[in-house]
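Enquirer: Residue 227 in my numbering sits at position 73 of the sequence shown, with consecutive numbering throughout. No residue lacks a Cβ here, since even glycine has one placed at the ideal position from N, Cα and C. Just passing along the structure, written as structure tokens.
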Amino acid sequence: MVDLVVDHTFQVDPEKQLFGDIRVDPPEEILANKLCALLSRSEIRDLVDVFALERAGYSVEDALPRAKRKDGAVTPGSLAWILSEIEIGDDASVPGDIPVPELRAFLQDLISRLGRLAYPTRSDDA
155 MVDLVVDHTF
165 QVDPEKQLFG
175 DIRVDPPEEI
185 LANKLCALLS
195 RSEIRDLVDV
205 FALERAGYSV
215 EDALPRAKRK
225 DGAVTPGSLA
235 WILSEIEIGD
245 DASVPGDIPV
255 PELRAFLQDL
265 ISRLGRLAYP
275 TRSDDA
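So, in structure tokens, the structure goes:
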């Protein structure tokens with residue numbers, strides 16, 4: 155599937171790679187956009203995209219500041235809360251043929267990581 159948009163928000167990298175006449179966002183930009191999308195619509199397809207981008211070596215933690223520049227409501231706490239509301243049923247049709255248990259495990263890990271960022275421990279202060 156190809157998603158075409160006209161985006162007038164902050165751009166991580168204003169210079170886009172060209173494929174023929176088509177400008178394509180770099181993966182860092184796509185990940186920041188996906189975090190914003192998860193906050194506003196929390197669809198499984200966006201979670202799958204974040205899963206794939208992390209598998210490719212891009213991190214949600216690195217993308218959070220960029221996402222916050224695009225949408226000030228994007229915080230680790232708000233994302234963790236929204237993601238905790240996602241239910242992936244056993245019969246879910248998951249894009250990319252990702253097994254449901256694997257996507258659920260990724261979702262729980264992501265919620266946990268975001269929770270730690272939202273509420274850091276005080277062990278560093280000792």
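#1: Have a look at Ala-234, Val-202, Leu-218, Asp-179 and flag the residue whose alpha-carbon is nearest the alpha-carbon of Glu-256.
#2: In the DSSP assignment, the alpha helix (DSSP H) including Ile-184 goes from what residue to what residue?
#3: Straight-line CA distance for Ala-221 to Leu-264?
#4: Can we say the segment 237 to 255 touches the segment 207 to 223, given the rule of at least three CB pairs closer than 8 Å?
#5: Along the beta strand (DSSP E) that carries Val-248, what are the first and last residues, could you check?
#6: Assuming contact is defined by CB atoms lying nearer than 9 Å, are Leu-233 and Leu-261 in contact in what I supplied?
#7: Tell me the DSSP secondary structure of Val-228 in three-state form.
#8: Just tell me which of Ser-266, Ile-242, Arg-267 has its CA closest to the CA of Asp-200.
#9: Please determine, among Pro-274, Lys-224, Arg-270, the residue with the shortest C-alpha to C-alpha distance to Leu-193.
#10: The alpha helix (DSSP H) spanning Ile-198 covers which residue range?
#11: Helix or strand or just coil, what does DSSP make of Ile-240?
#12: Give every residue of the same chain whose Cβ lies closer than 8 Å to the Cβ of Ile-198, excluding the five residues on either side of it in the sequence, and list them in chain order.
#13: Here's the rule: buried if 16 or more other CB atoms are within 10 angstroms of the residue's CB, otherwise exposed. What is Pro-219?
Expert: Quick look at the numbers:
#1: Looking at Ala-234, Val-202, Leu-218, Asp-179, the one whose alpha-carbon comes closest to that of Glu-256 is Val-202.
#2: First-last of the alpha helix (DSSP H) with Ile-184: 181 to 195.
#3: So the alpha carbons of these two residues sit roughly 16 Å apart.
#4: Fewer than three beta-carbon pairs drawn from the segment 237 to 255 and the segment 207 to 223 are found closer than 8 Å, and the two stretches are therefore not classed as touching.
#5: From DSSP, Val-248 is part of no beta strand (DSSP E); its letter is neither H nor E.
#6: No. Outside cutoff.
#7: Coil at Val-228, not helix or strand.
#8: With distances taken between Cα atoms, Asp-200 lies closest to Ile-242.
#9: In terms of Cα proximity to Leu-193, the closest of Pro-274, Lys-224, Arg-270 is Lys-224.
#10: Per DSSP, Ile-198 belongs to the alpha helix (DSSP H) from 198 to 209.
#11: Assigned with DSSP and collapsed to three states, Ile-240 falls in coil, not helix or strand.
#12: So the qualifying residues of the chain are Ile-240, Ile-242, Ala-246, Val-248, Pro-249, Leu-257.
#13: Pro-219 sits exposed, since fewer than 16 C-beta atoms from the chains shown fall within 10 Å of its C-beta.
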